[in-house]
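Student: In our numbering, the protein residues as written are 1 to 104.
Attaching a single structure in structure tokens format; questions to follow.
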């Protein structure tokens with residue numbers, strides 16, 4: 001799947017929900033940091049110590065979008081802390097479930 005930032009952003013914002021800090025399910029609308037990250041990706045990207053800006057969420061959103069819309073896509077998310085890895089997996093599952101809910 002060819003990566004087109006605007007197409008990915010539109011898909012994620014229309015097809016996914018996310019759980020906010022108050023534990024409410026809300027539409028996944030990219031914030032300023034996520035939007036900048038999405039539109040400035042290159043072939044290889046390193047994000048160091050980027051906390052609480054939603055970069056892991058938008059990265060997982062990109063991966064789930066590729067999984068749903070692409071063919072033979074490979075996406076990996078790595079965490080060195082078990083609880084963080086579990087949280088990332090739950091977020092990715094939530095994106096899939098919200099897509100299913102919105103699309104019957």
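For glycine and all other residues, C-beta sits at the position ideal for the given N, C-alpha and C.
Whose C-alpha, out of 85, 34, 92, 46, is nearest the C-alpha of residue 6?
Tutor: If we check each option's Cα against that of residue 6, 34 comes out closest.
Student: What are the boundary residues of the beta strand (DSSP E) that includes residue 43?
Tutor: Per DSSP, residue 43 belongs to no beta strand (DSSP E) and is neither H nor E.
Student: Bridge partners of residue 26, per DSSP?
Tutor: Residue 26 pairs with 18.
Student: Enumerate, from N- to C-terminal direction, the unbroken beta strand (DSSP E) stretches of 3 or more residues contained entirely within the segment 55 to 87.
Tutor: The qualifying runs do not exist here; there are none.
Student: Is the CB-CB distance between residue 3 and residue 60 below 8 Å?
Tutor: Contact flag unset, no.
Student: If I measure Cβ to Cβ from residue 37 and keep anything under 7 Å in the same chain, skipping five residues before and after, which residues do I get?
Tutor: Around residue 37: 55, 58.
Student: What whole-angstrom Cβ distance do residue 88 and residue 77 have, given they're in contact under 8 Å?
Tutor: The Cβ separation is near 5 Å, so the contact holds.
Student: For residue 64, does the count of other Cβ atoms within 10 angstroms reach 16, so buried, or fall short, so exposed?
Tutor: Buried, since its Cβ has 16 or more Cβ neighbours within 10 Å.
Student: Helix, strand or coil for residue 4 per DSSP?
Tutor: In the structure shown, residue 4 sits in coil (DSSP, three-state: anything other than H, G, I, E or B).
Student: Considering just the uninterrupted stretch of the alpha helix (DSSP H) at residue 32, what are its terminal residues?
Tutor: 32 to 39 is the span of the alpha helix (DSSP H), which, as asked, contains residue 32.
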